[in-house]
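> Pasting in a structure now, in structure tokens, and then I'll have a few things to ask.
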């Protein structure tokens, strides 16, 4: 009986040699093609991972810089508010100082005006006294010259008052 496949030694030998040749070819091609391709893919994967790590570090650094910037801006706002508050306080103090100085000057002017008015009153009183003395001495001179008659004395007083003027005695 004849078989479909003749399993003779030659066929087995050729099959083993073909299998060994395929295995050697596979190893050779694996070494020559697959290994560089795998190495290329591994390097690419490492580069992508490095890029991802670098991007993550850059993002973290950017967030850190952003938070530092925001903190510095908040500090700058606080400093600006403090400077403005200090300037307002100085302005209020200056305003109070200017007002108190103006009040002191006004009080000084009022005191000076009172003093001047008092001096003017004294001066006017002195002038009135001087005029009264002049009138009295004038009257005394006329009374002595005319004698001590009451009718004559009353007429002399009336005459003297007319000479000096009524407006002098009313003020």
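Numbering (the numbering used here), first residue to last: 20 to 190.
In this text, a Cβ means the ideal position worked out from N, Cα and C, and glycines have one as well.
#1: May I have the straight-line CA-CA distance separating residue 26 from residue 32, to the nearest angstrom?
#2: Assign residue 7 to one of two classes, buried (16 or more other C-beta atoms within 10 Å of its C-beta) or exposed (fewer than that).
#3: Can you tell me whether DSSP reads residue 180 as helix, strand or coil?
#4: Would you tell me roughly how many angstroms separate the C-alpha atoms of residue 63 and residue 39, rounded to the nearest one?
#5: Specify the secondary structure class of residue 44 as computed by DSSP and reduced to three states.
#6: What three-state label does DSSP hand residue 15 in the structure shown?
#7: Would you kindly work out how many angstroms separate the C-alpha atoms of residue 37 and residue 55, rounded to a whole number?
#8: Determine the burial state of residue 175: buried for a count of at least 16 other Cβ atoms within 10 Å of its Cβ, exposed for fewer.
#9: With DSSP run on the structure shown, which of helix, strand or coil describes residue 27?
The answer reads as follows:
#1: 10 Å
#2: The structure shown does not extend to residue 7, since the chain is modelled only from 20 through 190, so no value can be given for it.
#3: helix
#4: 34 Å
#5: helix
#6: Outside the shown range of the chain (20 to 190) lies residue 15, about which nothing can therefore be said.
#7: 26 Å
#8: buried
#9: coil
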